[in-house]
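So the structure is just underneath, and the comments pick up after that.
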Amino acid sequence: MKLRAKQFIDGVLGSLLVIFNLMVARPLGLLLRRDHTLRKDPEYIIVIKMLGLGSLLLASDALVSLKKRYPNAKLILVSGKGVVPGIVPTGLFHHVWVMDDSSLPNLLRSSVAILTKSWGLKNRWLVDLEVYSKLTTIFSLWTMSLNRFGFQLNKVHFRNFLNTHNCYFNQFCNVQDNYRSLARMMGVEEFTEFSIPVKDSSGRANEAGKKYIAINNTCSELGGYLRKIPAATLQAICTHILQTTPYNIAFTGAPSDFGDNEAFISQYLGDAGERVENIAGKYGFAEYYRFLHEECVLMLTIDSAPLFIALKTGLPTVSVWGPTNPTHRLAANTINSTRHKVHYLAVECSPCLHHTKVLPCGGNNFCMKNMQAADIHTQIQSVISAL
Numbered sequence: 017m018k019l020r021a022k023q024f025i026d027g028v029l030g031s032l033l034v035i036f037n038l039m040v041a042r043p044l045g046l047l048l049r050r051d052h053t054l055r056k057d058p059e060y061i062i063v064i065k066m067l068g069l070g071s072l073l074l075a076s077d078a079l080v081s082l083k084k085r086y087p088n089a090k091l092i093l094v095s096g097k098g099v100v101p102g103i104v105p106t107g108l109f110h111h112v113w114v115m116d117d118s119s120l121p122n123l124l125r126s127s128v129a130i131l132t133k134s135w136g137l138k139n140r141w142l143v144d145l146e147v148y149s150k151l152t153t154i155f156s157l158w159t160m161s162l163n164r165f166g167f168q169l170n171k172v173h174f175r176n177f178l179n180t181h182n183c184y185f186n187q188f189c190n191v192q193d194n195y196r197s198l199a200r201m202m203g204v205e206e207f208t209e210f211s212i213p214v215k216d217s218s219g220r221a222n223e224a225g226k227k228y229i230a231i232n233n234t235c236s237e238l239g240g241y242l243r244k245i246p247a248a249t250l251q252a253i254c255t256h257i258l259q260t261t262p263y264n265i266a267f268t269g270a271p272s273d274f275g276d277n278e279a280f281i282s283q284y285l286g287d288a289g290e291r292v293e294n295i296a297g298k299y300g301f302a303e304y305y306r307f308l309h310e311e312c313v314l315m316l317t318i319d320s321a322p323l324f325i326a327l328k329t330g331l332p333t334v335s336v337w338g339p340t341n342p343t344h345r346l347a348a349n350t351i352n353s354t355r356h357k358v359h360y361l362a363v364e365c366s367p368c369l370h371h372t373k374v375l376p377c378g379g380n381n382f383c384m385k386n387m388q389a390a391d392i393h394t395q396i397q398s399v400i401s402a403l
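Position in the sequence shown (from 1) plus 16 gives the number in our numbering.
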């Protein structure tokens, strides 16, 4: 299913189920008086994150810290099909249960199957990492987990009556701080930084001597084109790289991005020959992580999952931001690092993407269109010089 269809189903079906469950769950809670304190450690922690590999990687520090806090508990991810291939090679979860969101009948069928499995787990907790979803809240309730943790904000105020523990989701701070706050609510006191494991731990040796600069100009359906670097700007950046550095260019992306990459290369970089490669869909995720870690000097990327993959594989980055604010997604020590440069015009209406359905610019994303290729290339050169 397309993102809009999923959002429509969540809004309509989810609203109906919320009303019904509020009438049932609240009286049952008062009647049963279950002990929702954290005195007994869990044997299983079920994590729901249906969409967004990038968001799950942003939560990875909190999740790996949760694993260390409860070393005897099994961490289980419930996720949509699009997230699973990218998260399995990280080893972050003991088990991954796939929610088939390709169609409504498949979604219902797989939901029942996962619910049935969850009921067989003793002493289970559940944490819902979806911020706005109604259906994941209902699913969380129906697992009948002893403790159910989630985010609370005005748009999902009903969670105060359906979850057992709610953490305020602050839309104006760094999202990683929200994940840490939720983990603290679950008993975590010390945090560990998570890194994606790669086969060769010495892969970042001689960084400046790598072969490729990886370029990612792809992202999810949510505001996709708004975040992209305009073609003419990207062409100028690539020309700078090819003319002033010894590096080849590797365009990254999912298999579905291969055609768009090919079209751009053919139209704008057709004379670059073998110095430009389209690797979208060429590798499985484990091999893709290895390629970034061992073959690339840095990644030029917009705000999407590959940025956070690069950060978690130790790859230097130059990230380009328009309708989203880097301070909401990147740690302060990343933004101010010699290994990571941020290009952000900070126009008056940014950030808008996650805050309004009516875009202030009407879709004319001048926050990206007004960027100068020379400024971005200067940042690329700065990162390379510091290696």
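By construction, the Cβ of each residue, glycine as well, lies at the ideal position given by its N, Cα and C atoms.
For clarity, every value in this text was computed on a predicted model and none was experimentally measured.
Less than 7 angstroms separating the beta-carbons of residue i and residue j?
i, j, result
"V292", "I229", "no"
"I231", "T329", "no"
"V114", "K133", "no"
"K357", "Q395", "yes"
"V336", "H371", "no"
"P271", "G297", "yes"
"K215", "E311", "no"
"W141", "N163", "yes"
"I130", "L91", "no"
"D26", "S149", "yes"
"I253", "I35", "no"
"V204", "L82", "yes"
"A266", "I295", "yes"
Identify whether residue i lies in helix, strand or coil by the three-state DSSP scheme.
i, result
"K385", "helix"
"F210", "coil"
"V334", "strand"
"K22", "helix"
"Y60", "strand"
"R125", "helix"
"C254", "helix"
"M202", "coil"
"M39", "helix"
"R164", "strand"
"L93", "strand"
"L69", "helix"
"F174", "helix"
"H110", "coil"
"D77", "helix"
"R355", "coil"
Leaving out five residues on either side along the sequence, give the residues of the same chain with a beta carbon under 6 angstroms from the beta carbon of residue i.
i, result
"L242", "P339, N381"
"V99", "L69"
"V363", "C383"
"A78", "Y195, R196, A199"
"T152", "I64, D144, E146"
"L93", "V63, F109, V112"
"R42", "F177"
"T106", "I212"
"L33", "I154"
Closest to residue i by CA distance: which of the options is it?
i, options, result
"A248", "M384, L72, P332", "M384"
"T268", "C235, I253, P246", "C235"
"L346", "H52, F188, I392", "F188"
"I103", "P342, M315, T350, E303", "E303"
"I245", "H344, L361, W158, L162", "L361"
"I154", "T354, L331, T180", "T180"
"R158", "L178, F174, S95", "Strictly speaking, residue 158 in this sequence is Trp, with Arg absent from that position. For W158, the nearest C-alpha among the options comes from L178."
"S366", "R355, T343, N352", "T343"
"T53", "M202, R20, V172", "M202"
"S161", "F174, R50, T261, K171", "R50"
"L285", "D276, F274, Y305, T255", "T255"
"G30", "P105, N139, K171, G136", "K171"
"T260", "L375, C377, I400", "I400"
"F324", "N182, S76, L47", "S76"
"A279", "Q251, Y263, M315", "Q251"
"P58", "Y86, C377, R355, T350", "Y86"
Excluding the 5 residues preceding and the 5 following residue i in the sequence, name in chain order all residues of the same chain whose CB lies nearer than 7 angstroms to its CB.
i, result
"A288", "L258"
"K84", "T208"
"R306", "V214, K215"
Quick one: what's got a C-beta closer than 8 angstroms to residue i's C-beta in the same chain, skipping five residues either side?
i, result
"D193", "N186"
"A321", "G68, L69, G70, L73, G102, C235, S236"
"L169", "V147, Y184, F185, Q187"
"Q23", "none"
Does the beta carbon of residue i come closer than 7 angstroms to any beta carbon on chain B?
i, result
"A296", "Within the model displayed, chain B is absent; a lone protein chain is all it includes."
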